[in-house]
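What follows is a short report on a single structure.
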Amino acid sequence: MMSELNEHHPSKLHGIWALTNRELKKWYKAPVIFLLTIITPILWMGLLGKAMNIGAIFTGTSIPLPQLNPQLTQEQLQQLGVYFAGLQSSIMKGAFNTTDYFSFMAVGMIAFTALFTTMFSGMSIVWDRRLGFLNKALSTPVSRAVIIFSKVLSATLRSMFQAGIIIVIAVAFGLQFGANFSPLNILGVFAIMFLVCVGLSSLFIAITIRSTRMETPMAVMNLINLPLMFASNAFFPTKFMPDWLQTIAKFNPLTYTTDAVRQLLIFNTDWAQLALDFTYVGIFAAIVASIGMVLSWRFLSK
Amino acid sequence: MTDEVIKAEGLTRVFNKSLVAVDHVNFGVENGEIFGFLGPNGAGKTTTINMLITVLKPTEGTASVLGYDILKQAGNVRNVIGLVPQEYTADEDLTGYEDIILCADLYGIPRDVAKERAADLLKLVELTDFKDKKVETYSGGMRRRLELACGLINRPKVLFLDEPTLGLDVQTRAATWEYIRKLKKEYGMTLFLTTHYLEEADALCDRVAIIDHGKIVVVGMPEELKHSLGGDIITLSIREDADVSELIRTVEHVKEVQNEGDSYRIKAEYGEVTAPLIIEALRRKGYTVTKLMLTEPTLNEVYLEYTGKSMRDTEESREAFSAQRITMRRARA
Numbered sequence: 665m666m667s668e669l670n671e672h673h674p675s676k677l678h679g680i681w682a683l684t685n686r687e688l689k690k691w692y693k694a695p696v697i698f699l700l701t702i703i704t705p706i707l708w709m710g711l712l713g714k715a716m717n718i719g720a721i722f723t724g725t726s727i728p729l730p731q732l733n734p735q736l737t738q739e740q741l742q743q744l745g746v747y748f749a750g751l752q753s754s755i756m757k758g759a760f761n762t763t764d765y766f767s768f769m770a771v772g773m774i775a776f777t778a779l780f781t782t783m784f785s786g787m788s789i790v791w792d793r794r795l796g797f798l799n800k801a802l803s804t805p806v807s808r809a810v811i812i813f814s815k816v817l818s819a820t821l822r823s824m825f826q827a828g829i830i831i832v833i834a835v836a837f838g839l840q841f842g843a844n845f846s847p848l849n850i851l852g853v854f855a856i857m858f859l860v861c862v863g864l865s866s867l868f869i870a871i872t873i874r875s876t877r878m879e880t881p882m883a884v885m886n887l888i889n890l891p892l893m894f895a896s897n898a899f900f901p902t903k904f905m906p907d908w909l910q911t912i913a914k915f916n917p918l919t920y921t922t923d924a925v926r927q928l929l930i931f932n933t934d935w936a937q938l939a940l941d942f943t944y945v946g947i948f949a950a951i952v953a954s955i956g957m958v959l960s961w962r963f964l965s966k
Numbered sequence: 061m062t063d064e065v066i067k068a069e070g071l072t073r074v075f076n077k078s079l080v081a082v083d084h085v086n087f088g089v090e091n092g093e094i095f096g097f098l099g100p101n102g103a104g105k106t107t108t109i110n111m112l113i114t115v116l117k118p119t120e121g122t123a124s125v126l127g128y129d130i131l132k133q134a135g136n137v138r139n140v141i142g143l144v145p146q147e148y149t150a151d152e153d154l155t156g157y158e159d160i161i162l163c164a165d166l167y168g169i170p171r172d173v174a175k176e177r178a179a180d181l182l183k184l185v186e187l188t189d190f191k192d193k194k195v196e197t198y199s200g201g202m203r204r205r206l207e208l209a210c211g212l213i214n215r216p217k218v219l220f221l222d223e224p225t226l227g228l229d230v231q232t233r234a235a236t237w238e239y240i241r242k243l244k245k246e247y248g249m250t251l252f253l254t255t256h257y258l259e260e261a262d263a264l265c266d267r268v269a270i271i272d273h274g275k276i277v278v279v280g281m282p283e284e285l286k287h288s289l290g291g292d293i294i295t296l297s298i299r300e301d302a303d304v305s306e307l308i309r310t311v312e313h314v315k316e317v318q319n320e321g322d323s324y325r326i327k328a329e330y331g332e333v334t335a336p337l338i339i340e341a342l343r344r345k346g347y348t349v350t351k352l353m354l355t356e357p358t359l360n361e362v363y364l365e366y367t368g369k370s371m372r373d374t375e376e377s378r379e380a381f382s383a384q385r386i387t388m389r390r391a392r393a
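Residue numbers (the working numbering), protein chains in the order written: chain F, 665 to 966; chain Z, 61 to 393.
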């Protein structure tokens, strides 16, 4: 009886690539959207990274020299210039662990991309619900878990691709790799992106799957996005933040993600710190993804 | 297995612990028939379908599809059914062909089989020439046909159609009915459809269940239901100024006569036979019939009779309303 009715014996995971690819196609088959996902990080890096030329603040030209009497000799001025240049790079090194703010910030963009791309994965499930596609999929033998995981997977793959683009653009803009950088480290970047995106998009899907309108999840996202972004080390080191903010940043998975990417790309890699970053993000992803998927799965089986 | 392909027993769904959308519904759908759920918006039609297709769990009661319990054997049910939803679910950003293949993948149909079936189905719904165009360029009728094709990709034994012609203009609607009949003939399925269009139920269904406020009011063949109203309506006027109600009442098959001032409203069985008899009886007494109209009852009269009101729009959940609005808008695109 069974074999007659279910002639193809699909596996438990069937449909996962079809559903994931459906999401991805909307992106890579639409030239405008695809182009925008490339231009956006360029703009961000170009404007934010280059405009906030923090290094320049600490150069001789921006600090007025006291009028000394007697006048400094040409030689003394030169020495002072060298001293300030050294001061600048050691201030930058002390604050950002690299002498180049642009490199620091460009890497922060990667975490930023993860956050925003996964946020939209949550949105797309609201559309699927409103347009009836979700019901249609639920009436097929595709498992509920596959429906949810395909959303997570497509957001993750997309973020990873965008991370790659950001690295390429940042290098073109003058990203300075760390001393012990090797091309293999890029794989490490993808690995940490995979973990954090699986975690974040499961979280966002669990939040949005219950709403029937776009406005509610949008408001929730806006509420949690900016704090997640700025209570992290993505654009500024946490050590100069007030204590309470540092505490928040210490629990923020984006802090660990960004740090991992920095350790891999622009810092002199601190392996112990990198291991801690991976452990933290890994545990975050495992816990949040399980909770998110169970919540979503329960909702779909109501 | 019995001849009953779908069997619902005390099927009930309560939302938010208070809103009874479907209220202890019992019905059976026989093999090979087109069974229609007719009722106004918000009567519980879509909720019933969603329970039968295992998307919603019943609060109480259960149902079986092809002998599989919708709760305990949901996986089996999903394998043997197809769905043509109320909304246009085909992805606008994909081509028609890609959408069909996507549906095939959801059923785990191997690619070579899927390609063959997709080609057949596209031909059947006459979309072969448009298969590589994005769905966003399709008209309402084309989208509907694509949904039909998608719903058939797994060769379902039972096909569920939720408001299959919602928002379509009259001509496209009639054309869509033709496609539905054609597909049914080709694949020999049992069809379960919901509609709030009386003409649709009348034109398409072998049997109709009228549902109102979550309860089935009456079930029967459209003809049977219309007949149960007690026949046709004859409206006539005479030249003379006299009350002939009693005289008309004596004519065979006449069941009810109402004097409405300048005309008489007569309920009679076999109206086409009775009308000449009435004219004859009146003429023999010297009266002249000046006007006569014969109306056969439509499902609208049936609906009126059983629910006490005309098809009305009830207040709906905002979600259903907005989904419907999107569907309507796309249908007109």
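Heads up, the beta-carbon is just placed ideally off N, CA and C, and yes, glycines get one too. All values derive from a computational prediction rather than experimental measurement.
Straight-line Cα distance separating residue j from residue i
| i | j | result |
| --- | --- | --- |
| F/A949 | Z/A179 | 43 Å |
| F/Q752 | F/F776 | 27 Å |
| F/F677 | Z/E152 | Looking at the sequence provided, one finds Leu at residue 677 of chain F rather than Phe. Using only the alpha carbons, I get a separation of about 25 Å. |
| F/P881 | F/A778 | 17 Å |
| Z/N76 | Z/K117 | 13 Å |
| F/L634 | F/F748 | One cannot answer for residue 634 of chain F here, as it falls past the ends of chain F, which runs 665 to 966. |
| Z/G280 | Z/K327 | 21 Å |
| F/G838 | F/G828 | 16 Å |
| Z/D63 | Z/C210 | 27 Å |
| F/S788 | Z/R325 | 58 Å |
| Z/K183 | F/T919 | 55 Å |
| F/L867 | F/V884 | 12 Å |
| F/I705 | F/L848 | Looking at the sequence itself, residue 705 of chain F is Pro, so the reference to Ile does not match. Looking at the two C-alpha atoms, the distance is approximately 23 Å. |
| Z/T334 | Z/S305 | 15 Å |
| Z/A134 | Z/L126 | 11 Å |
Bridge partners - residue i, DSSP secondary structure assignment
| i | result |
| --- | --- |
| Z/A269 | Z/F97, Z/V279 |
| Z/A68 | Z/F87, Z/A123 |
| Z/R327 | The sequence as given places Lys at residue 327 of chain Z; Arg does not occur at that position. Paired residues: Z/I293, Z/E316. |
| Z/Y347 | Answer is none; Z/Y347 lacks a bridge partner. |
Buried versus exposed, by CB contacts within 10 Å (16 or more), residue i
| i | result |
| --- | --- |
| Z/Y167 | buried |
| F/K624 | With chain F represented from 665 up to 966, any question about residue 624 of chain F goes unanswered, as that position is not in the structure. |
| Z/S78 | exposed |
| F/Q826 | buried |
| Z/R372 | The pLDDT assigned to Z/R372 is 46, lower than 50, so where the model puts this residue is not dependable; a value taken from the coordinates is nonetheless given after this. Counting Cβ neighbours within 10 Å, Z/R372 comes out exposed, since fewer than 16 surround it. |
| Z/E375 | Summary for Z/E375: the model assigns pLDDT 40, below 50, so the residue's position carries little reliability; its value from the coordinates is reported in the next sentence. Exposed, by the Cβ-count rule. |
| F/M878 | exposed |
| Z/K245 | exposed |
| Z/Y363 | buried |
| Z/N319 | exposed |
| F/P805 | buried |
| Z/I298 | buried |
| F/F698 | exposed |
| Z/Q146 | buried |
| F/L683 | buried |
| Z/E260 | buried |
| F/A843 | exposed |
Member of the options whose CA lies at the smallest distance from the CA of residue i
| i | options | result |
| --- | --- | --- |
| F/A870 | F/A883, F/V958, F/A895 | F/V958 |
| F/I947 | F/P917, F/I930, F/R962 | F/P917 |
| F/W908 | F/T919, F/F900, F/Y920, F/A895 | F/A895 |
| F/N863 | F/V810, F/T782, F/I789 | This sequence places Gly at residue 863 of chain F; Asn is not what is there. Per the Cα distances, F/T782. |
| Z/R73 | Z/A335, Z/M111, Z/F97 | Z/M111 |
| Z/V140 | Z/L228, Z/E69, Z/N214 | Z/N214 |
| F/A770 | F/L795, F/G786, F/W708 | F/W708 |
| Z/D229 | Z/T334, Z/S199, Z/L219 | Z/S199 |
| Z/K132 | Z/T114, Z/V144, Z/K67 | Z/T114 |
| Z/R138 | F/G842, F/R808, F/R686, F/W935 | F/R808 |
| F/R822 | F/S954, F/F963, F/W691 | F/W691 |
| Z/I130 | F/A939, F/G758, F/S803 | F/S803 |
Chain C contact for residue i (CB, 8 Å cutoff)
| i | result |
| --- | --- |
| F/K815 | Of the protein chains in the structure, F and Z, none is chain C. |
Could you list the residues in the segment 782-807 of chain F with a C-beta less than 8 Å from some C-beta on chain Z, going in chain order?
R794, L795, G796, F797, N799, K800, A801, L802, S803, T804, P805, V806
Contact residues within the segment 68-90 of chain Z, judged by C-beta distance below 9 Å to chain F
none
Give the residues from the segment 684-706 of chain F that approach chain Z closer than 8 Å (Cβ to any Cβ), ordered along the chain.
R686, K689, K690, K693, A694
Residues, ordered as in the chain, of the segment 132-156 of chain Z that lie near chain F by beta-carbon distance below 8 Å:
G135, N136, R138, N139, V140, I141, L143, P145, Q146, E147, Y148, T149, D151, D153, L154
Return the residues of the segment 193-220 of chain Z that lie within a Cβ-Cβ distance of less than 7 Å from chain F, sorted by chain order.
none
Which residues, in order along the segment 163-177 of chain Z, keep a beta-carbon less than 9 Å from a beta-carbon of chain F?
C163, A164, D165, L166, Y167, G168, I169, P170, V173
Could you list the residues in the segment 98-120 of chain Z with a C-beta less than 8 Å from some C-beta on chain F, going in chain order?
N110, I113, T114, V115, L116, K117
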